[in-house]
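Residue numbers (this note's numbering), protein chains in the order written: chain A, 15 to 248; chain B, -11 to 264. Built from N, CA and C at the ideal position, the CB exists for glycine as well. Structure first, then comments.
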């Protein structure tokens, strides 16, 4: 029997006295492409934070390869929303991408020549080379998102987590991102929080609906109500 | 007037001390500005009054000359940095309130001990508002040693400190020791605060720590370049403020602070023009 990559058993999480997740149970397998959907405040981002080991369950358990997620967190590539960054921060696109290789560096060392070469190759692959010396905060939403994808990928992650990567980016950038994810499908496990279900329905293996608890849905079971933001049992 | 200025050994020492303090404030201030922890730094700077007041009280009441108020400042600054760091990492939701409480309580403790201390408190006024003209050669040497500590730490850990300032989550995923580095950064801020007390005083520290770095950030696209420009601007404002205070017979700490603030206000329209 295939062993799950992530195993969530009766997982509960609360901020102070406010429960966000209650007795959620799920298994995620190696190589799956999963879309995470659900209403605002339903616990999608909290779930991602638990999967990365930033938060710890208040009850139940979550394991990544039989260990708490924090242990194997360097196998995770994370693409946050570009909007949450400080656009005044003095950092170039290339510096942001190179940060994806921090795990290769010893404490008192900076990026090696190999890290820089890999970063440049990834920047080139994603068509960002002409922008590599531009301050990150001056990039468009789509360019920022591609930079964050490049940062997540240069560490050769086994798991890619994306938190609403298409929020506030134009249609063309969304299409580029979905095409990149299609290319990556099968080579690593992908979990993407999204409000835009329609464009990825054909590509995902299944959907996880987060609404205090978790329910796994086959793409064909997802009706048009979900695309309108109305979440209910199939 | 310039000739007179450079003939005066007190003023020459003040100039050197100002340059030494500018190195620390430019570098550490850049981290403060980009990580948006100016409020945290203000709290550390103001809470040192508690330690200074306590040490001054013990020194005068129990005749303990080695308990210099500046040591009390250093001790309190480090304690405040660790307390704030712990709150920042564990209780983010209530961070602002607790930091404000530390800010106010530090000052309140200081004021109580000052009122209990026998004799005049001229020294304490110097720590509050600074008196760079009283810098001794021993103080200058201390400033240089602290500069060396900051320069060595930052040159060894710049990539990791940049990572925790830009994106703590990414740094955590990459197994960067986020918590120890956050405490280290806050300790560097505490050290720099104590260093700047000599120049500009505890109450005005925040101006020299944040404003030159904020200005430098408007004209640079890398943190390392921002630090270099912030050091240069800090030196210029300190020296200009010192010359001005000498010419107008104004208190040096307040004049340096006002010079820096005016320059910051003047740079705002320039920033908008460059942005276009």
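For the segment 199 to 221 of chain B, the set of positions with a beta-carbon nearer than 8 Å to some beta-carbon of chain A reads 205, 208, 209, 210, 211, 213, 214 in chain order.
A contact between stretches requires three or more CB pairs, one per stretch, nearer than 8 Å, and the segment 213 to 232 of chain A meets this requirement with the segment 34 to 52 of chain A.
In the pairwise beta carbon analysis, the segment 122 to 136 of chain A is classified as not touching the segment 78 to 89 of chain A: fewer than three pairs are separated by under 8 Å. Closest in C-alpha terms to residue 62 of chain B, from the list B:82, B:50, B:51, B:39, comes B:39. Shown here, residue 79 of chain B sits in coil according to DSSP, grouped into three states, outside any helix or strand. Listed along chain B is no residue with a C-beta nearer than 9 Å to that of residue 31 of chain A; the closest approach is about 12 Å.
Look at the segment 126 to 152 of chain B: the residues with a C-beta under 8 Å from a C-beta of chain A are 144, 145, 146, 147, 148, 150, 151.
Among the residues of chain A, those whose CB is under 7 Å from the CB of residue 161 of chain B are 66, 87, 88, 90, 92, following chain order.
By the neighbour-count criterion, in which 16 or more other beta carbons inside 10 Å mark a residue as buried, residue 114 of chain A falls on the buried side.
Those residues of the segment 60 to 89 of chain B placed with their C-beta closer than 7 Å to a C-beta in chain A do not exist. The alpha-carbon separation between residue 48 of chain B and residue -2 of chain B amounts to approximately 27 Å.
Beta-bridge partners assigned by DSSP to residue 206 of chain A: A:49, A:176. Assignment of beta-bridge partners to residue 81 of chain A by DSSP yields A:78. Against chain A, the CB of residue 154 of chain B has a partner CB under 7 Å away; the residue lies at that interface. Contact between residue 9 of chain B and residue 184 of chain B holds: CB atoms are separated by about 5 Å, below the 8 Å threshold. For residue 99 of chain A, the closest C-alpha among the options B:262, B:219, B:131, B:152 is that of B:152.
Per DSSP, residue 32 of chain A lies in no alpha helix (DSSP H) segment; the continuous beta strand (DSSP E) that holds it begins and ends at 32 to 42. Scanning chain B for C-beta atoms nearer than 8 Å to the C-beta of residue 105 of chain A yields 150, 154, 209, 210, 211, reported in chain order.
In terms of Cβ geometry, residue 147 of chain B and residue 124 of chain A form a close pair [threshold 7 Å]. Looking at the DSSP output, residue 225 of chain A bridges to A:227. Close CB contacts of residue 188 of chain A within its chain, under the 6 Å cut and outside five residues either way in sequence, are with 180 (chain order). Taken through DSSP and simplified to helix, strand or coil, residue 24 of chain A comes out as strand. For residue 199 of chain A, the closest C-alpha among the options A:174, A:34, A:166, A:210 is that of A:174. Distances from the alpha-carbon of residue 41 of chain B to those of B:55, B:29, B:30 put B:55 closest.
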